[in-house]
Structures are given as structure tokens and as C-alpha cells.
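Those sequence lines, one after another, are chains A and B. First residue of the first sequence? That's 1 in the UniProt record's numbering, and the numbers climb one at a time after it. First residue of the second sequence? That's 1 in the UniProt record's numbering, and the numbers climb one at a time after it. Report on one structure; see the data block that follows.
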Amino acid sequence: MAYPPAARSSPARQPSVKVILTAADVSRVVDRIAHQILEKTQGAADTVLLGVPTRGVPLARRLAARISTFEGLDVPVGVLDITLYRDDLRRHATRAVGPTQLPPGGIDGRRVVLVDDVLFSGRTVRAALDALSDIGRPASVQLAVLVDRGHRQLPIRADYVGKNIPTALAENVRVTLAETDGEDEVRLYGEDAR
Amino acid sequence: MIRHLLSGADLDAATATQILDTAAEMATVAGREVKKLPALRGRTVVNLFYEDSTRTRISFEAAAKRLSADVINFSAKGSSVTKGESLKDTALTLQAMGADAVVVRHPASGAPHRLADWVDGSVVNAGDGTHEHPTQALLDAYTMRSRLGRLAGLSVAVVGDVLHSRVARSNVLLLSTLGAKVTLVGPPTLIPVDIAAALAPGTAVSYDLDAVLPGVDVVMMLRVQRERMGDSYFPSAREYARRYGLDGPRLRRLPDHAIVMHPGPMNRGMEITPEVADSPRSTIVEQVANGVSVRMAVLYLLLGGNNR
Numbered sequence: 001m002a003y004p005p006a007a008r009s010s011p012a013r014q015p016s017v018k019v020i021l022t023a024a025d026v027s028r029v030v031d032r033i034a035h036q037i038l039e040k041t042q043g044a045a046d047t048v049l050l051g052v053p054t055r056g057v058p059l060a061r062r063l064a065a066r067i068s069t070f071e072g073l074d075v076p077v078g079v080l081d082i083t084l085y086r087d088d089l090r091r092h093a094t095r096a097v098g099p100t101q102l103p104p105g106g107i108d109g110r111r112v113v114l115v116d117d118v119l120f121s122g123r124t125v126r127a128a129l130d131a132l133s134d135i136g137r138p139a140s141v142q143l144a145v146l147v148d149r150g151h152r153q154l155p156i157r158a159d160y161v162g163k164n165i166p167t168a169l170a171e172n173v174r175v176t177l178a179e180t181d182g183e184d185e186v187r188l189y190g191e192d193a194r
Numbered sequence: 001m002i003r004h005l006l007s008g009a010d011l012d013a014a015t016a017t018q019i020l021d022t023a024a025e026m027a028t029v030a031g032r033e034v035k036k037l038p039a040l041r042g043r044t045v046v047n048l049f050y051e052d053s054t055r056t057r058i059s060f061e062a063a064a065k066r067l068s069a070d071v072i073n074f075s076a077k078g079s080s081v082t083k084g085e086s087l088k089d090t091a092l093t094l095q096a097m098g099a100d101a102v103v104v105r106h107p108a109s110g111a112p113h114r115l116a117d118w119v120d121g122s123v124v125n126a127g128d129g130t131h132e133h134p135t136q137a138l139l140d141a142y143t144m145r146s147r148l149g150r151l152a153g154l155s156v157a158v159v160g161d162v163l164h165s166r167v168a169r170s171n172v173l174l175l176s177t178l179g180a181k182v183t184l185v186g187p188p189t190l191i192p193v194d195i196a197a198a199l200a201p202g203t204a205v206s207y208d209l210d211a212v213l214p215g216v217d218v219v220m221m222l223r224v225q226r227e228r229m230g231d232s233y234f235p236s237a238r239e240y241a242r243r244y245g246l247d248g249p250r251l252r253r254l255p256d257h258a259i260v261m262h263p264g265p266m267n268r269g270m271e272i273t274p275e276v277a278d279s280p281r282s283t284i285v286e287q288v289a290n291g292v293s294v295r296m297a298v299l300y301l302l303l304g305g306n307n308r
């Protein structure tokens, strides 16, 4: 992840960047969410983890690997691309569509846990729920996120939260993961770091 | 992203590959419980057809509807066109109705290009005269890629009435952009002089189908346009079928992995025998199914975002 340029107006002032979760923290948080999923789903039977690209996908794989280590149970993992269900398609140049991969057996009648990196406005989750209902009919849907930074614009909450981070609206939370960015870290960029 | 799709030459390798990749995702919708995506809700697509067409119009209609767009079908027959309305006035009418995209088929080569100057929305060429039919080339490329796993380095023979074929022109342009090598095959009267060099350097021409067959990965048969048979481009239908038709013995001379394509509608017994058309190596039905996915991809990439 590139370091953002300093604010233009005052070159002397460094943009405020705070590390919220280090690599070790991320690992512990993923461990905890995996335990919570096992606890809340009574052993994760009939459960499917669906990662929302980009960083929800490696997170879903890590959760499945942890659950396998803890309980010796292989939880199916899939990828749910929500591009075509976004409510802001017309505000940007056409977005590339990514692959959606459902695990063998699909999602009908199973418990689906959506996995994403940051929960913010809730619009991504809304799009994911719409996509799910077109793909099949899960028995129930839960949401796991690494970070909840608040500022919801829709009535949506997560079932599993790695860390709640109180933020100002103009602040920016960036999650980096080894699989996609080379290292695990969660940083909070201040309002001056644009 | 491009604004119109008028020619196979509008697409560079990256854009064409993006369309094919998007089409692969669109194809998964066909196997779902709800065969619909909300991406083009509230957008209007007009099918403006000045020539008869079943599969292309239905294919575009299905593609637009699967993306939740509103579709208006306009065919020249029984419309104000028979009362003498010009293409421009029709275009301005569509514009006033708020068409976000116009899919146009027209007997005059170049009509979609003119249309693109007159309307604000995107124009998709669905076949103009003897000029181009870019979405057919895209679906052909998609079919080759899904059957053979790649496009770069493929050897493709396009056989038959190249002179009148918009499918052939768009395919030569697109396939050469994507790294395939095309050989145009047919009687000398049906292959324009210098067409290979004019369309894409590296395109070959042959008048001998039997010599070409053993070295190809794909044979694409073109429809012999029966309406032009009176124009003495070849002595008789039987002679054409014997020299340039694809029959069982010729099929067996192809490499084992090679596939047979045809844009349809076929003249069975003329350019292709029923034995070949119905063989497992023929992709003719697959091409129709792929057509919907590819057209969904094109409509999404043209209309899905704010590309103005």
C-alpha cells in the first residue's frame, strides 16, 4: 500500500496515520472470529463462508483454515462478486465484473456467512444480500467483518466483528492482507491524509 | 471504455479480452435460479432492425432483459419507415424517447456509424450491409476460447462467401487483434482482391479448402447467400458444395481437436452437410447460447457505468 502524500497546505505537518491492528493482531482477531462462528453456529455444520472481493475472499479462506484447525471440519468457501448489484454503478466508469464462485452444493438451505474486510455504510452488504437472493435461498445469512468503522447508511449490523473502530466520516480505514497486499495491517488515515 | 461498438477494429486486445471475461461471468447467470441481474435497471435499449433477423434480435433482447433494461423493438416493416421516414428522423425520435442504447441492423454499410453521430446514447452495430457484425465476431471468439482454451496462435479458416460477409470482416479484425491467424477460403469470385491486406496484415487467402483443412484449429463456414446465387459468382450450387462445402470426409481430415463453426442460418447440404452440422465438433448451438452472454457483456460495459 502506497503511503499517501502529505497535505498540500502545510508541508511541515505529517498526515496522521495510526496502525489499528498489526499483523499479530489480525491473526488473533481471525482466530477469535473463527471461534465465535463455531460457537454461534454450534460447530459450523451446514455452513458456507462467502468472501466479498477483494479482501473478504482471503479472510474467508483464513477463517475456513482456522475452523479446520480447531475442529477438523472443512467449511466450504466461495466468492460472491457484488459489482452488478451495486447502487452506485452509474456514478463511476463501468466497473469490471469479477468471478463469483459458489462452493459445490450451492447455498440453498445452508447457513451463509458473508465475509468482508471493512463494514462502513452497509451498502456493499445490501448488494451482497440482493445477489444472494438471486443465486439461491440460504437458510440464514450472517455477516463477519474484520473492522466495523461505523457510519451506517442502512439498517445492517455484523454478527462477528474483529474490531470496532470509532472514526470520523472523513477518515479512511485501509486493510492490507498478505494475500492481496503483501502484509497484514489495518491503518486509520486522518482527515488530512487524502 | 468505448462508447459505441461499430466495428471489430474499435476493440483493442485489452478491451476485447475484458468483454470475453465479462461474458464468462454473464454466462453463469443462465444456470441460476433467477436469470436476471439488476445492473441496467431503468435503462432503455432500442433494437432498431431494418433487416430481417431472428437470432440476433432475440439474442440482444434476451441480453438486455437479463440485465433488467427496458427493451423496445423497432422493425422497419410496418413502421413509419415504410412511410418514407429517414434514418436520421427515426434516430431523433428514438433520442427523444430516451434510448440509452440503439442496437441497429441496416442493409446499408456504414449506417450505424452515421447513427452514432446523431444520437447521444451508445450505438451497437448488429450488422450493416456487407460491412461488419462485431458482436458475432465476439461470440465466435468467445466460443473458440471456451472450446480450445486460448485465441493467440490459433489458426482459423473462414470459408465461403467472404465478399458479402460482415461476419468474415469483423472476425478477421477481431481475431487478428487477439493473436489468431486467419485464412480466408473460397472461390476467387467471392474473395475481394486485397481484402486480406486491407483488413489485417498476416491474413492469408486460399482458393483450395482441402489444402487448408489439415492445419487449422477452427473452420468457420459462412452462409452462401442464396439471394445472390443468380449473380453467377459460381457455376452451380452443386459445384460450390463439392469444392467448398464441409462434408464428412473433409471433417475427418481436420486435426482431432479442431472445431466447426457457423454463424447461422445454415443452408444444410450447401456449405455444410447435416452430418457435420450435427457432429459433436460443431459449435453451432453453443454459439447461439454464447451470443446472449457476449451481448450482455457488451451492453453492460457500454451502459453499466457513467462513461460520458
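The C-beta atom is built at its ideal place from N, Cα and C for all residues, glycine as well.
Pull up the distance between the alpha-carbon of residue i and that of residue j, whole angstroms please.
i: glycine 51 of chain A; j: alanine 144 of chain A; result: 9 Å
i: leucine 178 of chain B; j: alanine 168 of chain B; result: 15 Å
i: proline 166 of chain A; j: glycine 150 of chain A; result: 7 Å
i: arginine 123 of chain A; j: leucine 132 of chain A; result: 14 Å
i: leucine 177 of chain A; j: arginine 57 of chain B; result: 46 Å
i: alanine 23 of chain B; j: tyrosine 300 of chain B; result: 10 Å
i: arginine 91 of chain A; j: tyrosine 85 of chain A; result: 14 Å
i: isoleucine 113 of chain A; j: arginine 43 of chain B; result: The sequence given here has valine at residue 113 of chain A, not isoleucine. Cα to Cα, valine 113 of chain A sits roughly 33 Å from arginine 43 of chain B.
i: glutamate 183 of chain A; j: alanine 23 of chain A; result: 7 Å
i: leucine 302 of chain B; j: glutamine 36 of chain A; result: 44 Å
i: serine 9 of chain A; j: proline 15 of chain A; result: For serine 9 of chain A, the pLDDT reaches just 49, beneath the cut-off of 50, and the residue's location in the model is therefore unreliable, although a value from the coordinates is still provided. Whole-angstrom Cα-Cα distance: 11 Å.
i: alanine 60 of chain A; j: alanine 14 of chain B; result: 30 Å
i: glycine 8 of chain B; j: valine 17 of chain A; result: 48 Å
i: methionine 221 of chain B; j: aspartate 128 of chain B; result: 20 Å
i: alanine 158 of chain A; j: aspartate 25 of chain A; result: 19 Å
i: valine 186 of chain A; j: leucine 63 of chain A; result: 17 Å
i: arginine 137 of chain A; j: serine 293 of chain B; result: 24 Å
i: alanine 12 of chain A; j: phenylalanine 70 of chain A; result: Residue placement at alanine 12 of chain A is flagged as unreliable, the pLDDT there being 48, under the threshold of 50; a coordinate-derived value is accordingly withheld.
i: valine 125 of chain A; j: threonine 54 of chain A; result: 14 Å
i: valine 219 of chain B; j: isoleucine 2 of chain B; result: 30 Å
i: threonine 41 of chain A; j: isoleucine 33 of chain A; result: 12 Å
i: arginine 268 of chain B; j: valine 159 of chain B; result: 15 Å
i: residue 195 of chain A; j: valine 57 of chain A; result: There is simply no residue 195 of chain A to check, as chain A begins at 1 and stops at 194 in what is shown.
i: serine 170 of chain B; j: glycine 84 of chain B; result: 31 Å
i: leucine 188 of chain A; j: arginine 66 of chain A; result: 27 Å
i: leucine 164 of chain A; j: histidine 106 of chain B; result: It should be pointed out that residue 164 of chain A corresponds to asparagine in this sequence rather than to leucine. For asparagine 164 of chain A and histidine 106 of chain B, the distance between alpha carbons rounds to 60 Å.
i: glycine 291 of chain B; j: alanine 139 of chain A; result: 35 Å
i: proline 155 of chain A; j: lysine 35 of chain B; result: 28 Å
i: aspartate 120 of chain B; j: phenylalanine 49 of chain B; result: 19 Å
With distances taken between CB atoms, is the gap from residue i to residue j smaller than 9 Å?
i: residue 372 of chain B; j: serine 68 of chain B; result: What the structure shows of chain B is the stretch from 1 to 308, and residue 372 of chain B is not part of that stretch, so it cannot be assessed.
i: leucine 174 of chain B; j: leucine 11 of chain B; result: yes
i: arginine 32 of chain B; j: isoleucine 135 of chain A; result: yes
i: residue 370 of chain B; j: leucine 87 of chain B; result: Because chain B is modelled from 1 through 308, residue 370 of chain B falls outside the range shown and cannot be assessed.
i: histidine 133 of chain B; j: alanine 126 of chain B; result: yes
i: residue 350 of chain B; j: glycine 215 of chain B; result: Past the edges of chain B, shown from 1 to 308, lies residue 350 of chain B, and the structure says nothing about it.
i: threonine 282 of chain B; j: valine 276 of chain B; result: Reading off the sequence shown, one finds serine at residue 282 of chain B, where the question assumed threonine. For serine 282 of chain B and valine 276 of chain B, yes; Cβs fall inside 9 Å.
i: aspartate 161 of chain B; j: arginine 242 of chain B; result: no
i: valine 115 of chain A; j: leucine 38 of chain A; result: no
i: valine 97 of chain A; j: glutamate 286 of chain B; result: no
i: valine 104 of chain B; j: valine 81 of chain B; result: no
i: glycine 245 of chain B; j: methionine 266 of chain B; result: no
i: aspartate 100 of chain B; j: valine 156 of chain B; result: no
i: residue 195 of chain A; j: valine 141 of chain A; result: Nothing can be reported for residue 195 of chain A, as the shown portion of chain A is limited to 1 through 194.
i: threonine 183 of chain B; j: valine 205 of chain B; result: yes
i: threonine 305 of chain B; j: arginine 95 of chain A; result: Note on residue identity: the sequence assigns glycine, not threonine, to residue 305 of chain B. Their beta carbons are under 9 Å apart, which means glycine 305 of chain B touches arginine 95 of chain A by this criterion.
i: isoleucine 284 of chain B; j: histidine 257 of chain B; result: no
i: proline 192 of chain B; j: leucine 163 of chain B; result: yes
i: serine 165 of chain B; j: alanine 200 of chain B; result: no
Can you confirm whether residue i, when its beta carbon is compared against all beta carbons of chain E, has any partner nearer than 9 Å?
i: arginine 91 of chain A; result: Annotation note: the requested chain E is absent from the structure, which comprises protein chains A and B.
What are the uninterrupted segments assigned as beta strand (DSSP E) that are 3 or more residues long and contained completely in the segment 121-185 of chain B, given in chain order? For the segment 121-185 of chain B, the full-length beta strand (DSSP E) segments reaching 3 residues or more read 122-128, 155-159, 181-185 along the chain.
Quick check: the segment 123-142 of chain B against the segment 201-215 of chain B, are there 3 or more CB pairs under 8 Å? Counting C-beta pairs with one atom in each stretch, the segment 123-142 of chain B and the segment 201-215 of chain B have fewer than three that are closer than 8 Å, which means they do not touch.
Could I get the ranges of all uninterrupted alpha helix (DSSP H) runs contained in the segment 97-181 of chain A, with 4 residues as the minimum, in chain order? Complete alpha helix (DSSP H) runs here, min 4: 123-135, 178-181.
Contiguous beta strand (DSSP E) assignments of at least 3 residues, all confined to the segment 4-65 of chain A: Counting only runs of 3 or more, we get 17-21, 47-51.
Stretch pair the segment 98-105 of chain A + the segment 68-88 of chain A: three plus CB contacts closer than 8 Å: Contact between the segment 98-105 of chain A and the segment 68-88 of chain A is present, because at least three Cβ pairs lie under 8 Å.
Ignoring anything shorter than 4 residues or poking outside the segment 222-296 of chain B, list the alpha helix (DSSP H) runs there in chain order. For the segment 222-296 of chain B, whole alpha helix (DSSP H) runs of length 4 or above, ordered along the chain, are 237-244, 248-252, 274-277.
Using a Cβ-Cβ cutoff of 7 Å, what residues of the segment 99-116 of chain B are near chain A? List them in chain order. Residues passing the 7 Å Cβ filter: none.
Which ranges would you report for the beta strand (DSSP E) in the segment 84-112 of chain B if only whole runs of at least 3 residues count? If we require 3 residues or more, the beta strand (DSSP E) runs fully inside the segment 84-112 of chain B come out as 101-106.
Which of the residues in the segment 38-54 of chain B, read from start to end, lie with their CB under 7 Å from any CB of chain A? Of all residues in the segment 38-54 of chain B, Pro38, Ala39 have a Cβ within less than 7 Å of some Cβ in chain A.
Proximal residues, the segment 106-132 of chain A versus chain B, C-beta separation under 8 Å: Result list: Asp130.
Note down, one range per segment and in chain order, each beta strand (DSSP E) of at least 3 residues found wholly within the segment 191-219 of chain B. Runs found: 204-206.
Along the segment 64-77 of chain B, where does the CB come closer than 9 Å to a CB of chain A? Name the residues. Result list: Leu67.
Could you list the residues in the segment 2-18 of chain B with a C-beta less than 8 Å from some C-beta on chain A, going in chain order? Going along the segment 2-18 of chain B in chain order, one finds Gln18 with a Cβ nearer than 8 Å to chain A.
Which runs of the alpha helix (DSSP H) at least 4 residues long sit entirely within the segment 37-76 of chain B? Give them in chain order. The alpha helix (DSSP H) runs lying completely inside the segment 37-76 of chain B and spanning 4 residues or more are 55-66, given in chain order.
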